[in-house]
Amino acid sequence: MKIVDAKVVVTSPGRNFVTLKLTTDEGLTGLGDATLNGRELAVVSYLADHVVPLLTGLDPHRVEDTWQSLYRGAYWRRGPVTMAAIAAVDVALWDIKAKAAGLPLYQLLGGASRERIGTYGHANGRDIPELLDSVRARLAEGYPAVRIQSGIPGLKAVYGVSDTDESGAPVLHQQARPLVEDWDTAAYLRHVPAVFEAVRAEFGPELPLLHDSHHRLTPVQAARLGKDLEPFRPFWLEDCTPAENQEALRLVRRSTTTPLAVGEVFNTVYDYQALITEQLIDYVRSAVTHFGGVTPLRKLFDFAAQYQIKSAIHGPEDISPVGMAAAVHLDLAVHNFGIQEFSGHTPLTDEVFRHAYTFTDGHLHPGEAPGIGVELDEELAAAHPYAPAYLPVNRLHDGTVHDW
Ligand code: GCO
Ligand code: MG
Numbered sequence: 082m083k084i085v086d087a088k089v090v091v092t093s094p095g096r097n098f099v100t101l102k103l104t105t106d107e108g109l110t111g112l113g114d115a116t117l118n119g120r121e122l123a124v125v126s127y128l129a130d131h132v133v134p135l136l137t138g139l140d141p142h143r144v145e146d147t148w149q150s151l152y153r154g155a156y157w158r159r160g161p162v163t164m165a166a167i168a169a170v171d172v173a174l175w176d177i178k179a180k181a182a183g184l185p186l187y188q189l190l191g192g193a194s195r196e197r198i199g200t201y202g203h204a205n206g207r208d209i210p211e212l213l214d215s216v217r218a219r220l221a222e223g224y225p226a227v228r229i230q231s232g233i234p235g236l237k238a239v240y241g242v243s244d245t246d247e248s249g250a251p252v253l254h255q256q257a258r259p260l261v262e263d264w265d266t267a268a269y270l271r272h273v274p275a276v277f278e279a280v281r282a283e284f285g286p287e288l289p290l291l292h293d294s295h296h297r298l299t300p301v302q303a304a305r306l307g308k309d310l311e312p313f314r315p316f317w318l319e320d321c322t323p324a325e326n327q328e329a330l331r332l333v334r335r336s337t338t339t340p341l342a343v344g345e346v347f348n349t350v351y352d353y354q355a356l357i358t359e360q361l362i363d364y365v366r367s368a369v370t371h372f373g374g375v376t377p378l379r380k381l382f383d384f385a386a387q388y389q390i391k392s393a394i395h396g397p398e399d400i401s402p403v404g405m406a407a408a409v410h411l412d413l414a415v416h417n418f419g420i421q422e423f424s425g426h427t428p429l430t431d432e433v434f435r436h437a438y439t440f441t442d443g444h445l446h447p448g449e450a451p452g453i454g455v456e457l458d459e460e461l462a463a464a465h466p467y468a469p470a471y472l473p474v475n476r477l478h479d480g481t482v483h484d485w
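Position in the sequence shown (first residue = 1) + 81 = my numbering.
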């Protein structure tokens, strides 16, 4: 079997998604997600200009060899643009291989290690009462665990919580120039324990509660927050510091027993080395889409498993259903699965990317369709072209740009 066609499809059914579609001489097709939120067209160029020309004529069964040649052969290794492009190729090849075998991808990864995949959903509120309503809405949808994010008194616009639609989902301010939001770490550190206290008081001790600090704290601030949250037994504190400084997590870890989750912006195992071998974290958060695909993410999970660290794949709306499908197959197969983030997509997005995975009672299952189980409606995709969209930036009251 040979690859005879490779094309990159950009579509925006509500937000931008980049998809690679490979076709073989036997008529099999494979899809891979290459969506890098806010920097989509850089990956389109990397794929179209530098990868697609190398793919025609290749044997699609050679997944590992293709991965190694794209990673090592470029000379320039790592980085989110490179790794998102390689991820799309890797997932499209796995999709073809599994279709050729007539099996859902999870069977090729060792088969199911569980019946279904536990998820967490996002609860957001401009203030605590609105957050409590949002938690209630997520529980009514069946989510077994909830990430809680709240507006902060004194701050006008906080990422993901300043505006919510009727369903409580955040309006992410995707627009042609980045929206400027404000930030005050001291106000945040005062407020978050009160948020946890209110949610625990309303929903009791059993509900798993997660919280995301979006890389905004220094190590000592993160240590303080981890300690302050301990009485409320969080499921995890996510991205408490900008973790490309892996040493920061040593200080946090020494100071608190609050579990730590890190890695949604990482793109190779080298970003994690100290974090894993020194057991500084509890969950690895990388997405198939940003980590070079199923091939390296499986290796990361196996490495993490040696240290009792679990998987927790990044799953916001900006991972396309193609990336989500690949994640769900991996989640079902790996032994050290922890939890899967799942926000779902708009009905239009689910029409553009018809998928076999299901979300029932707060749990995902990849389904039994051969491959990753996603079909792209190219006509509908073309009817919703790319629109420039940036994530917001974050400034202190004096105008200083702050960490994301
Ligand atoms: C998460 C993430 C998202 C990101 C978004 C940026 O944990 O789901 O932090 O909220 O901000 O994916 O593209
Ligand atoms: Mg996050």
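Ideal Cβ placement from N, Cα and C applies to all residues, glycine included.
Count the other CB atoms within 10 Å of the CB of residue i; is the residue buried (16 or more) or exposed (fewer)?
i	result
S367	buried
S93	buried
N348	buried
Y351	exposed
Q360	exposed
S294	buried
T430	buried
A250	The predicted model places A250 with a pLDDT of 47, which falls under 50 and marks its position as unreliable, so this point remains unresolved.
N326	exposed
A221	exposed
E422	buried
T481	exposed
G419	buried
A324	buried
R297	buried
Under the DSSP definition of a beta bridge, which residues are partnered with residue i?
i	result
S336	According to DSSP, S336 bridges with nothing at all.
W148	Beta-bridge pairing links W148 to no other residue.
R476	D263 and V482
N322	The sequence shown places Thr at residue 322, rather than the Asn named in the question. Paired residue(s): none; T322 is not in a bridge.
F510	Any question about residue 510 goes unanswered here, given that the chain covers just 82 to 485.
F434	L457
I198	L445
R228	H203 and L291
I84	T105
P185	G452
W157	In DSSP, W157 forms no bridge with anything.
G113	L101
F418	S392
T376	Answer by DSSP bridge pairing: none, since T376 is not bridged.
W317	L291
With a threshold of 6 Å on Cβ separation, who are the neighbours of residue i within its own chain once the five nearest residues in sequence on each side are excluded?
i	result
P289	A226 and F316
S248	The pLDDT assigned to S248 is 45, lower than 50, so where the model puts this residue is not dependable; a value taken from the coordinates is nonetheless given after this. Here the set comprises nothing.
E145	none
A40	Since the first residue shown for the chain is 82 and the last is 485, residue 40 is missing from the structure and cannot be characterised.
G514	For the chain, the structure presents residues 82 to 485; residue 514 sits outside this window and is missing.
When you compare only the Cα positions, how much space is there between residue i and residue j?
i	j	result
D86	P141	11 Å
L139	K180	17 Å
T110	E456	9 Å
H131	V125	10 Å
T439	M405	11 Å
Y201	L413	16 Å
E47	L186	Since the first and last residues shown for the chain are 82 and 485, residue 47 lies out of range.
A342	N417	14 Å
H465	I453	24 Å
T322	R379	25 Å
Q302	L270	8 Å
I400	G113	11 Å
A437	A268	44 Å
T31	V403	Absent from the model: residue 31. The displayed extent of the chain is 82 to 485, so no value can be given.
L174	L356	30 Å
T105	M82	7 Å
E328	D320	14 Å
A385	G344	12 Å
R219	R228	10 Å
L122	H446	31 Å
V273	V133	47 Å
Y152	P377	11 Å
G108	L213	51 Å
A182	P451	8 Å
Who are the near neighbours of residue i in its chain, counting only those whose CB is closer than 7 Å to its CB and skipping five residues on each side?
i	result
A304	L332, V333, S336 and T337
D263	L236, K237, A238, R476 and H478
L128	V89, L101, A115, A166 and A169
L472	N118, G119 and P259
G425	F440
T339	G307, L310, E311, P315 and L318
F284	V216
So, does the CB of residue i fall closer than 8 Å to a CB anywhere in chain D?
i	result
P274	Of the chains in the structure shown, none is chain D; there is only one protein chain.
Counting only the same chain and skipping the five closest in sequence on each side, list residues whose C-beta sits under 8 Å from that of residue i.
i	result
P286	R314
G192	A414
Please confirm if the region 373–382 is in contact with the region 146–160, defined as three or more CB-CB distances below 8 Å between the two stretches. yes
Taking 8 Å as the threshold, find out whether the region 267–284 comes into contact with the region 307–324 through three or more Cβ pairs. yes
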